[in-house]
Amino acid sequence: MTPSNAAVELTRKASRLLWLRSQLRNIAPFATLLALIALFSVASPSFTTWDNVANILRQVSVTGIIAAGLTFVILCGEIDLSVASVANAVGILVAFFTMQDSSVNIANMPLPGGLAIGLAILGSLALGAVTAFGVTVIGIPSFIMTLAMLQIGSGIGAMLVRGQIAYNVPGIIATLGAGSIGPVPWIVVVAAIVLLLGHIVLTYTVFGRTVYMVGGNREAAEYSGVNVRLVLAAVLLISAVCAGLAGMLGVAHFGSAQQDEFDNYLLDSISAVVVGGTSLFGGQGGIGNTIVGLLVLGVLNNGLDHVRIDSFLKILIRGMILLLALVINVYAQRLRASQTTA
Amino acid sequence: MPRPVTPLELKGISKSFGGVVALQDVDFTLEPGEIHGLVGENGAGKSTLMKIIAGVHTEYDGTMCVAGKQVRHHSARSARAAGIGMVHQELSIIPELSVAENVMLGAQPTTRLGLIDWAAMTRKATDYLRELGIDVDPRATIGGLPLGLQQLVEIARVLSSGARIIILDEPTSALSPPEVEVLFGLLRRVRLGGRSIVFISHFLDDILRVSDRITIFRNGRRIETAAVAYVDKAWIIDRMIGAGHRALEESYLGEIALDSRPSAPVVLETQGITGPGFHDVSLQARAGEVLGIYGFMGSGQLELARALFGKTRLRAGQVILKGRPLLLRNTAQARRAGIAFLPESRRSMLFAQEPIYKNMSISILGRISRLWLRPAQERAIAAGHVKHLQIRPASVDRLLGTLSGGNQQKVALAKWLTHLPQVLVLSEPTRGMDVGAKDDVLTIVKDLRAKGIAVVVVSTEPETILSLADRILVMKRGTIVHEFAAETVSKDRLLAVA
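Protein chains in written order, with the working numbering: chain A, 138 to 479; chain B, 3 to 500.
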């Protein structure tokens with residue numbers, strides 16, 4: 138039985154089509170990004186300037202650091218709703234350990250900068266450890282557990298500043314958050330490094346592989362002798378540390394540490410991960426997707442400002458883009474599943 | 003006084019699934035007020051027949067009469083309306099609701115406003131349960147009750163819906179002996195009311211104790227129906243596995259000489275371990291030996307296998323590997339200690355959306371390198387397994403989900419072949435595989451035995467156990483009831499002790 142050349146050609150075409158379909162999760166967000174860039178370039182001359190590119194990058198940096206950690210969690214098929222609140226708490230914490238002006242009425246504890254940063258990072262680790270304990274040892278679903286941690290993080294921040302605003306942070310944090318080297322803002326460099334590190338860990342390390350496997354089929358991972366609970370604890374810790382780092386730099390970036398200043402970052406970071414095409418069910422996607430997702434959101438937000446659109450309509454448009462991404466996400470999942478169970 | 007009508011009569015029932023004949027020209031009659039036992043091996047056709055009666059399968063040849071009137075159910079709903087109720091092996095109670103709510107489910111009494119009349123519901127359910135002799139608080143949440151009681155409540159619900167014919171599928175498999183007594187008491191009372199019961203079970207002792215008549219199925223045919231008073235277990239088993247055709251069957255239907263090696267060192271030992279689904283299990287697995295653990299569905303052997311790999315925690319007892327007590331808190335510990343495991347369902351051991359090589363390397367990643375992945379090495383190792391095990395298609399980058407069942411099973415086995423474990427626990431290793439793939443898997447397992455691994459094979463299929471095992475333990479209701487070692491054993495002897 139020898140297949141004719143035509144048949145071979147046909148199967149080759151079919152398999153290419155299958156491959157394309159399986160890559161829908163990666164192609165769709167990238168196509169969206171290109172379309173948005175093209176759209177805004179035509180609509181507004183001020184959109185395609187170097188200044189504006191730097192602007193967009195700066196605007197997505199804090200979200201990017203949070204989203205890097207969140208990608209790990211979502212790849213495992215879990216969610217972390219506490220990221221923005223942990224960021225806020227840790228940002229306030231580092232300010233709390235820094236000498237403030239006499240006009241700031243906070244019972245703070247001034248410490249050397251290095252120690253203040255160390256304690257703040259320890260704080261983010263502690264919050265992450267509590268989340269990890271609740272999810273992996275007690276067995277609380279991550280959605281609920283991190284919802285509780287969202288409240289706890291807000292509470293800690295509120296207790297520390299008591300409605301006041303702190304301005305000073307350790308020097309190095311101030312530089313990384315608000316300074317720049319040449320034309321490039323430091324915070325963009327930090328975000329790039331964090332995302333790159335995340336990509337390296339996920340793609341090239343044994344731990345990264347187990348993250349994908351736990352997300353792909355948790356039961357199978359367990360039956361292969363993977364310590365699933367340890368992996369889940371690790372991703373929740375990574376997420377908390379990334380959020381803490383984003384919190385410290387964010388406070389410097391905004392120029393103040395106060396209650397509720399990170400509120401938008403929860404939805405932004407989840408949107409970035411999901412719009413980029415990482416599966417909400419776990420196991421598919423990665424940092425590359427998250428970067429594309431960040432840029433889609435960044436270009437959209439920034440571009441809508443350039444075309445002078447009604448600011449209320451802007452919110453609606455963002456919501457619709459997110460909905461579209463979710464539809465593609467679920468559809469891509471189903472396509473892939475139907476191919477592999479056929 | 004007129005003669006009571008026959009509650010159920012089937013004539014010439016045939017049914018096939020895509021060319022495979024499941025039932026062939028079966029007649030079946032149920033008398034009023036009788037308990038009718040139904041036996042046969044897996045796939046003999048008894049479940050198919052019951053599903054036709056209960057309206058689950060609606061396409062078949064032949065006729066069915068309920069209470070003298072010819073019917074043709076077009077759904078499970080219409081079968082229920084005709085007075086036929088079925089209690090499946092997996093209960094369909096709603097665990098979060100109360101006993102009363104479960105009993106009255108779908109028939110809740112309502113007030114004039116259309117709201118549920120809670121007082122009436124509790125009262126009705128209480129009366130009902132008392133009438134059946136079921137001693138349970140109707141307000142209790144059913145999920146918190148012992149399984150035996152849950153099952154009785156489910157039967158009560160089927161009865162309360164007005165069923166005159168009740169079909170019970172393996173009702174005793176998960177029950178303790180006292181619970182079985184209660185169930186039988188209930189069935190006898192139900193029978194006194196003139197209702198008929200069909201009782202499907204692998205437990206011949208149970209069938210013999212409670213049934214009035216028994217029907218035996220084999221290969222889609224009704225072999226014989228007889229009054230229980232005149233038959234015994236040996237007679238039933240003979241007809242179940244077909245004594246006359248033994249020569250035509252494969253050799254393992256005859257006597258198998260077990261080849262135990264009492265001199266080989268003990269690798270894995272358990273001392274009185276108790277966990278979910280099994281209790282007080284003590285066993286020894288020796289190097290270079292295949293230990294078979296056989297039992298019917300629900301006898302606890304699958305749960306035992308999972309616990310040996312650290313998937314579920316032990317409540318009591320100890321697992322000892324090569325003389326050292328093991329702490330099995332999770333599967334990673336079991337793997338590091340040298341225990342390997344293959345679960346009974348392929349879906350729960352493989353990553354359908356990942357390529358073959360990632361499926362194979364997942365349990366040895368830490369051995370290849372502690373920190374960085376070495377994909378080239380992973381692929382090379384996987385390529386070796388693919389060639390050795392003749393996995394098709396022979397490409398390590400193929401997504402696993404596109405492989406056939408037999409090839410998937412080989413990939414799952416390959417996971418444990420790179421660094422040989424001390425103990426390999428296989429749960430239902432040949433379930434749902436065609437003959438060729440089955441043979442391949444058996445060959446691999448025998449190969450591993452030759453390499454000195456202690457292999458534990460857990461199965462509900464006697465053929466698998468008989469064709470592999472050097473020594474056989476039989477489990478029943480969660481504990482070991484018999485051991486076959488250094489003797490000859492046959493399928494009927496195996497079934498007789500289970």
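Idealized CB from N, CA, C, for every residue including glycine.
None of the values given here were measured: they were computed from a predicted structure.
For residue i, which of helix, strand or coil comes out of DSSP?
i	result
Cys67(B)	strand
Ser416(A)	coil
Trp374(B)	strand
Ser16(B)	strand
Ala56(B)	coil
Gly87(B)	strand
Thr312(A)	helix
Lys453(B)	coil
Gln379(B)	helix
Tyr296(B)	strand
Leu284(A)	helix
Phe209(A)	helix
Gly39(B)	strand
Gly319(A)	coil
Val7(B)	coil
Run the CB neighbour count on residue i, radius 10 Å, all protein chains shown included, and call it buried at 16 or more, exposed below.
i	result
His75(B)	buried
Thr200(A)	buried
Ser94(B)	exposed
Glu183(B)	exposed
Pro247(A)	exposed
Ile118(B)	exposed
Ser469(B)	buried
Measuring straight from C-alpha to C-alpha, what distance separates residue i and residue j?
i	j	result
Asn91(A)	Gly290(B)	Past the boundaries of the shown model lies residue 91(A); chain A is included only from 138 to 479, so the question cannot be answered.
Val327(A)	Leu313(A)	7 angstroms
Thr139(A)	Ala385(B)	With a pLDDT of only 46 at Thr139(A), under 50, the local geometry of the prediction cannot be trusted, and the value read off the model is given with reservation. Those two C-alpha atoms are separated by around 26 angstroms.
His387(B)	Ile474(B)	30 angstroms
Gly384(A)	Gly228(A)	4 angstroms
Leu149(B)	Ser175(B)	11 angstroms
Leu40(B)	Gly64(B)	20 angstroms
Glu98(B)	Leu218(A)	28 angstroms
Ile375(A)	Phe344(A)	12 angstroms
Leu262(A)	Gln153(B)	48 angstroms
Gly222(B)	Gly47(B)	5 angstroms
Gly279(B)	Arg331(B)	18 angstroms
Ile281(A)	Val272(A)	9 angstroms
Ser406(B)	Ser213(B)	43 angstroms
Val457(B)	Val321(B)	16 angstroms
Leu417(A)	Glu398(A)	27 angstroms
Pro423(B)	Leu401(B)	26 angstroms
Ser365(B)	Ile341(B)	11 angstroms
Ala244(A)	Glu356(B)	54 angstroms
Ala257(A)	Leu264(A)	11 angstroms
Ala266(A)	Ala204(A)	19 angstroms
Contact defined as beta carbons within less than 8 angstroms: I believe residue i pairs with residue j. What is the distance between those atoms, to the nearest angstrom?
i	j	result
Arg215(B)	Ala229(B)	6 angstroms
Ala221(A)	Leu403(A)	4 angstroms
Asn466(A)	Val410(A)	So it is not a contact: roughly 10 angstroms between Cβ atoms.
Thr432(B)	Val443(B)	6 angstroms
How about residue i and residue j: do their beta carbons lie closer than 8 angstroms?
i	j	result
Pro9(B)	Val68(B)	yes
Lys13(B)	Thr50(B)	no
Ile157(B)	Ile37(B)	no
Ala109(B)	Leu260(B)	no
Thr347(A)	Leu375(B)	no
Leu367(A)	Val197(A)	no
Gly353(A)	Phe186(B)	no
Ile258(B)	Thr490(B)	yes
Val101(B)	Val155(B)	yes
Gly206(A)	Val325(A)	no
Ile295(B)	Gln286(B)	no
Leu170(B)	Val89(B)	yes
Val506(B)	Val499(B)	Because chain B is modelled from 3 through 500, residue 506(B) falls outside the range shown and cannot be assessed.
Gly35(B)	Arg193(B)	yes
Leu171(A)	Leu437(A)	no
Any heavy atom of the ligand GDP closer than 7 angstroms to the beta-carbon of residue i?
i	result
Met296(A)	Here there are no bound small molecules, and the ligand GDP is not part of this structure.
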